[in-house]
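Before any comments, here is the structure.
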Amino acid sequence: MSKIAEYKKNFIETRVSDEKDLNADEPLISEGISHIGKYISDMDIAIPDAVHGIFDKIDRPILIICDDNIEYANNAFLKTLGYNDIQKVLHEKFLKFVSQDDWNFIAENIGDILTGNGMMELRMLNANYKVIKMSFDTVYLEDTMHFCFILMGRPVEVKVSANAMMYDEQVGLPKFYLYEYSVQSAIDYENHKDPSLKRNKIAVCGIAIKNFTALKNDGQSEFVMQRIAEKLLLSLNKLYTVAVGSKYQFWILMPDMKNDVEIIQEVEKIQAILNQPVANTFAHYDVSVAIGVSIYPDTAQSAKKLISQSEMAIRQALKDQKSKVVYFGMI
Numbered sequence: 000m001s002k003i004a005e006y007k008k009n010f011i012e013t014r015v016s017d018e019k020d021l022n023a024d025e026p027l028i029s030e031g032i033s034h035i036g037k038y039i040s041d042m043d044i045a046i047p048d049a050v051h052g053i054f055d056k057i058d059r060p061i062l063i064i065c066d067d068n069i070e071y072a073n074n075a076f077l078k079t080l081g082y083n084d085i086q087k088v089l090h091e092k093f094l095k096f097v098s099q100d101d102w103n104f105i106a107e108n109i110g111d112i113l114t115g116n117g118m119m120e121l122r123m124l125n126a127n128y129k130v131i132k133m134s135f136d137t138v139y140l141e142d143t144m145h146f147c148f149i150l151m152g153r154p155v156e157v158k159v160s161a162n163a164m165m166y167d168e169q170v171g172l173p174k175f176y177l178y179e180y181s182v183q184s185a186i187d188y189e190n191h192k193d194p195s196l197k198r199n200k201i202a203v204c205g206i207a208i209k210n211f212t213a214l215k216n217d218g219q220s221e222f223v224m225q226r227i228a229e230k231l232l233l234s235l236n237k238l239y240t241v242a243v244g245s246k247y248q249f250w251i252l253m254p255d256m257k258n259d260v261e262i263i264q265e266v267e268k269i270q271a272i273l274n275q276p277v278a279n280t281f282a283h284y285d286v287s288v289a290i291g292v293s294i295y296p297d298t299a300q301s302a303k304k305l306i307s308q309s310e311m312a313i314r315q316a317l318k319d320q321k322s323k324v325v326y327f328g329m330i
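In numbering that gives the first Met the number 0, the protein residues as written are 0 to 330.
Following this line, the structure appears as structure tokens:
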């Protein structure tokens, strides 16, 4: 967000149009915008005190950003992103609530958007670090001391598609119940093979990110999950199923394994992928993982049992400070 502050000097001569792009059904917005610049410039009064009575009655999410920080958020914004406590939003960096994929867009276009009172589409992060696409009407507030602007969100339509029910919106991978179904399907295939054909082994691999809480607190969990998902999909056998979990972050199904040696080699490849730092243009993030593996038909012959065994192996691996792999039955 520091890049946005660089644009402040370009906006000093810009004036806010009192009525431009306002919703005719919401005269209170017009009234608030026409006076808020004066409140900020001429009065010794906090921004929330000046606008709370006006903006908090409106259903559109509204933010006031000053010098990179959120100085006001109305109830509609908190509700849209799933926050119950205003203190978790107030005075926080605005970019904390924006997907990193949009950071460069903001830095490069904020000047043109604000000087034209234009619209800005952003991928916002809700309280659960899920992405919500939001469209904002923008108004620049003239103030020689601070760089301030208002974002007025348009209504967010929540659509639950069949695809959204089966795939995680954050990383685009199958959800856990689809993974469990895939494991059972692979087992059924092996169980019903012609007796003359050799049964192959199936590896169920669960992955827990040990420092996930720290990444989440830093606002980086979504970015890290997306990049890891991409690396796994691009690097592993296309016949494997990579999914997101409920208790643990990732699950991988490896069917048609010839023997234990091949399974160990594939798990080592996964571990090598996960041990690589996840980087963007601003920083890199180290990831520590615990991996638990169970193998069909050695330890179980049902999906639920194999997954349960992998979870036990993960819990054992989590006890180690470093990244570690535990194979169930070898604990």
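For glycine and all other residues, C-beta sits at the position ideal for the given N, C-alpha and C.
{"Asked": "Touching by the beta-carbon criterion (3+ pairs, under 8 angstroms), the segment 183-190 and the segment 261-268", "Found": "no"}
{"Asked": "Closest Cα partner of Asp136 within the set Tyr128, Met144, Met123, Gly115", "Found": "Gly115"}
{"Asked": "Residue span of the alpha helix (DSSP H) that contains Asn74, given as start and end", "Found": "74-80"}
{"Asked": "N- and C-terminal bounds of the beta strand (DSSP E) containing Arg314", "Found": "Element bounds for Arg314: not the beta strand (DSSP E) but the alpha helix (DSSP H), 302-317."}
{"Asked": "Selection from Asn73, Asp67, His191 that minimises the alpha carbon distance to Ala106", "Found": "Asp67"}
{"Asked": "Beta strand (DSSP E) segment containing Glu120, residue limits", "Found": "118-124"}
{"Asked": "Range covered by the beta strand (DSSP E) that runs through Ala289", "Found": "288-295"}
{"Asked": "Rounded C-alpha distance that separates Ala312 from Ala289", "Found": "9 angstroms"}
{"Asked": "Supposed contact pair Val223 and Val170 - C-beta distance, whole angstroms, cut 8 angstroms", "Found": "So it is not a contact: roughly 10 angstroms between Cβ atoms."}
{"Asked": "Whole-angstrom C-beta distance between Phe327 and Ser245, which should lie under 8 angstroms", "Found": "At roughly 19 angstroms, the Cβ-Cβ gap does not stay under 8 angstroms, so Ser245 and Phe327 are not in contact."}
{"Asked": "Of the listed residues Leu77, Leu238, Cys65, Ser234, nearest to Val148 (C-alpha basis)", "Found": "A small correction: the amino acid at residue 148 is Phe; Val does not occupy that position in the sequence shown. The candidate whose alpha carbon is nearest that of Phe148 is Cys65."}
{"Asked": "Cβ-based neighbour list, Val88, same chain, cut-off 7 angstroms, excluding 5 preceding and 5 following", "Found": "Ile69, Ala72, Leu77, Tyr82"}
{"Asked": "Proximity below 8 angstroms, CB of Pro154 to CB of Ile201", "Found": "no"}
{"Asked": "Residue interval of the alpha helix (DSSP H) (run including Ser184)", "Found": "175-190"}
{"Asked": "Cβ-Cβ distance between Ile61 and Gly152 below 8 angstroms", "Found": "yes"}
{"Asked": "Distance between Ala126 and Asp55 (C-alpha atoms, nearest Å)", "Found": "20 angstroms"}
{"Asked": "Segment limits, beta strand (DSSP E) that includes Ser220", "Found": "From DSSP, Ser220 is part of no beta strand (DSSP E) but of the alpha helix (DSSP H) over 220-234."}
{"Asked": "Residue nearest to Asp259 in terms of C-alpha spacing, selected from Ser293, Lys230, Leu235, Lys237", "Found": "Ser293"}
{"Asked": "Beta carbon of Asn80 nearer than 8 angstroms to that of Phe104", "Found": "According to the sequence provided, residue 80 is Leu. The question's Asn does not apply to it. No."}
{"Asked": "Burial state of Leu196 (16 or more Cβ within 10 Å)", "Found": "exposed"}
{"Asked": "Beta-carbon gap between Ala228 and Leu172 smaller than 8 angstroms", "Found": "yes"}
{"Asked": "Collapsed DSSP secondary structure at Ile57 in the structure displayed", "Found": "coil"}
{"Asked": "Check whether Val203 and Leu305 have beta carbons under 8 angstroms apart", "Found": "yes"}
{"Asked": "Phe135 - partner residues in DSSP beta bridges", "Found": "Met119, Gly152"}
{"Asked": "Bridge partners - Lys92, DSSP secondary structure assignment", "Found": "Asn68"}
{"Asked": "Neighbourhood of Lys209 by C-beta, 7 angstroms cutoff - its chain only, sequence neighbours within 5 removed", "Found": "Ser287, Val288, Ala289, Leu317"}
{"Asked": "Coil, strand or helix - Leu273 by DSSP", "Found": "helix"}
{"Asked": "Reduced DSSP secondary structure (H/G/I, E/B, other) of Leu113", "Found": "helix"}
{"Asked": "Straight-line gap, Glu168 to Leu252 (C-alpha atoms, nearest Å)", "Found": "20 angstroms"}
{"Asked": "Spatial distance of Asn122 from Val324 (CA atoms)", "Found": "The sequence shown places Arg at residue 122, rather than the Asn named in the question. Going from the Cα of Arg122 to the Cα of Val324 covers about 35 angstroms."}
{"Asked": "Met118 vs Ser98 beta-carbon contact at 8 angstroms", "Found": "no"}
{"Asked": "Distance between Leu124 and Leu177 (C-alpha atoms, nearest Å)", "Found": "25 angstroms"}
{"Asked": "Nearest neighbour of Ile272, chosen from Ser234, Ile85, Asp84 [CA to CA]", "Found": "Ser234"}
{"Asked": "Residues of its chain near Glu310, where Cβ-Cβ distance is below 8 angstroms and the 5 sequence neighbours each way are ignored", "Found": "Gly205, Lys246, Tyr247, Gly291"}
{"Asked": "Expected contact under 8 angstroms - CB spacing of Tyr284 and Leu232 to nearest Å", "Found": "The pair is not a contact, with the Cβ atoms about 19 angstroms apart (cut-off 8 angstroms)."}
{"Asked": "Residue interval of the alpha helix (DSSP H) (run including Leu214)", "Found": "211-216"}
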